Amino acid sequence: MKGGSKVIVEPHRHEGVFVAKGKEDALVTKNMVPGEAVYNEKRIAVQNEDGTKVEYRVWNPFRSKLAAAILGGVDNIWIKPGAKVLYLGAASGTTVSHVSDVVGPNGVVYAVEFSHRSGRDLVNMAKKRTNVIPIIEDARHPAKYRMLVGMVDVIFSDVAQPDQARILALNASYFLKAGGHFVISIKANCIDSTVPAEAVFQSEVKKLQQEQFKPFEQVTLEPFERDHACVVGGYRMPKKQKAAA
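Position one of the sequence shown corresponds to residue 1 (the UniProt record's numbering), numbered consecutively onward.
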């Protein structure tokens with residue numbers, strides 16, 4: 001065995017997410033493409049009792065809103081092994097690659113990104129990851145990609161647009177199953193920079209409630225992102241669940 005401190009990898013309470021415990025704890029996901037990094041992230045190989053090796057990739061919360069939300073203590077991300085996820089605002093695919101690790105070979109990530117420059121990286125990443133379907137389109141026009149996307153369990157949205165609640169609602173009406181879930185990252189100053197962040201988050205939550213979304217929780221993404229919040233909830237929730245709550 002090589003020198004250096006021994007790292008132990010333990011499951012996080014979110015299924016498909018892990019914690020590497022060493023000198024410093026790190027959030028990690030099991031690499032679906034062992035030997036490959038996506039954005040120069042650190043990789044950790046752990047040897048099992050039977051001698052097989054498993055490789056994990058460090059998930060940096062300063063580069064990923066979803067990792068920041070997990071470290072911020074979000075109760076449930078609804079993205080788990082086997083899940084079908086629609087990811088709006090995929091950029092070059094940093095977080096998408098970790099979502100791909102989490103949902104694994106039986107899950108799928110439909111990754112929508114409008115910018116062709118970011119889209120190139122996304123498409124290249126997807127070549128090695130069979131569960132990622134890159135879609136270079138504007139998330140404002142889901143009708144354009146409706147033939148590519150099936151019904152999904154979860155929509156994750158990180159579009160940083162003033163009308164992002166409407167964009168989420170539009171995509172949900174096409175692709176999100178009733179009783180499905182949403183995770184949205186809200187950047188206050190891209191919606192309204194003239195009022196306090198907290199007021200922006202409140203008004204966005206109201207907009208979501210008007211679109212058949214039921215927000216369950218809101219976490220701040222501090223200290224990883226300034227004036228960002230992550231809101232998580234359900235969509236077209238069945239009536240009896242509400243009564244039981």
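We put the beta carbon where it would ideally sit given N, CA and C, even for glycine.
No experiment lies behind these values; they were computed from the predicted model shown.
DSSP on Ser185, reduced to helix/strand/coil?
For this step, residue 185 is matched to residue 185 along the sequence shown. Strand at Ser185.
Do Phe156 and Tyr87 count as a contact pair if the criterion is CB distance below 7 angstroms?
As a working mapping, residue 87 is identified with position 87 in the sequence shown. As a working mapping, residue 156 is identified with position 156 in the sequence shown. Contact: yes.
Roughly how many angstroms separate the alpha carbons of Gly179 and Gly82, rounded to a whole number?
By 1-based counting over the sequence shown, the position of residue 179 is 179. By 1-based counting over the sequence shown, the position of residue 82 is 82. So the two alpha carbons sit approximately 17 angstroms from each other.
Using the Cα positions of Asn48 and Leu148, report the straight-line distance between them to the nearest angstrom.
Locating residue 48 in the sequence shown gives position 48, where the first residue counts as 1. Locating residue 148 in the sequence shown gives position 148, where the first residue counts as 1. Looking at the two C-alpha atoms, the distance is approximately 39 angstroms.
By the DSSP assignment, the alpha helix (DSSP H) with Pro222 in it spans what residues?
Position 222 of the sequence shown holds residue 222. Here residue 222 is Glu; the residue named in the question, Pro, does not match the sequence. No alpha helix (DSSP H) contains Glu222, which DSSP labels as neither H nor E.
Determine the closest residue to Val7 out of Gly35, Arg43 and Glu15, with distance taken between C-alpha atoms.
As a first step, residue 7 must be located in the sequence shown, where it is residue number 7. The shortest C-alpha separation from Val7 is found at Arg43.
Distance, Cα to Cα, Tyr56 vs Gly73?
Start at 1 with the first residue of the sequence shown, and residue 56 comes out as number 56. Start at 1 with the first residue of the sequence shown, and residue 73 comes out as number 73. The alpha-carbon atoms of Tyr56 and Gly73 are separated by roughly 21 angstroms.
If you drop the 5 nearest sequence neighbours on each side, which residues of the same chain put their C-beta closer than 8 angstroms to that of His116?
By one-based count along the sequence shown, residue 116 stands at place 116. Ile136.
Check whether Leu122 and Gly104 have beta carbons under 7 angstroms apart:
Counting from 1 along the sequence shown, the entry for residue 122 is found at position 122. Counting from 1 along the sequence shown, the entry for residue 104 is found at position 104. No; because the gap between Cβ atoms is not below 7 angstroms, this pair is not in contact.
DSSP three-state label for Glu198, please.
Numbered from its first residue, the sequence shown carries residue 198 at position 198. Reduced to three states, the DSSP call for Glu198 is helix.
Checking 7 angstroms against the spacing of the C-beta atoms, do Ala37 and Val28 come in under that value?
Within the sequence shown, the letter at position 37 stands for residue 37. Within the sequence shown, the letter at position 28 stands for residue 28. Result no, Cβ atoms of Ala37 and Val28 do not sit closer than 7 angstroms.
Nearest-angstrom Cα separation, counted from Val9 out to Val200:
As a position in the sequence shown, residue 200 is number 200, starting the count at 1. As a position in the sequence shown, residue 9 is number 9, starting the count at 1. Distance between the alpha carbons of Val200 and Val9: 38 angstroms.
Measuring alpha carbon to alpha carbon, tell me which residue in Arg13, Tyr39 and Lys65 is nearest Val159.
Within the sequence shown, residue 159 is the residue found at index 159, counting from 1. The option with the nearest alpha carbon to Val159 is Lys65.
Going by DSSP in three states, Thr95 sits in which element: helix, strand or coil?
Position 95 of the sequence shown, counted from the start, is the residue given in the question as residue 95. Here Thr95 sits in helix by DSSP.
If the criterion is Cβ atoms closer than 7 angstroms, does the pair Val154 and Ile70 meet it?
Position 154 of the sequence shown, counted from the start, is the residue given in the question as residue 154. Position 70 of the sequence shown, counted from the start, is the residue given in the question as residue 70. Their beta carbons are not under 7 angstroms apart, which means Val154 does not touch Ile70 by this criterion.
In whole angstroms, give me the CA-to-CA distance for Phe182 and Val232.
Taking the sequence shown and counting its residues from 1, one reaches residue 182 at position 182. Taking the sequence shown and counting its residues from 1, one reaches residue 232 at position 232. Straight-line Cα distance between these residues: approximately 6 angstroms.
For Pro134, which option in Phe213, Asn171 and Ala126 has the closest C-alpha, if you only look at C-alpha atoms?
Here residue 134 corresponds to residue number 134 of the sequence shown, with the count starting at 1. Answer by Cα proximity: Ala126.
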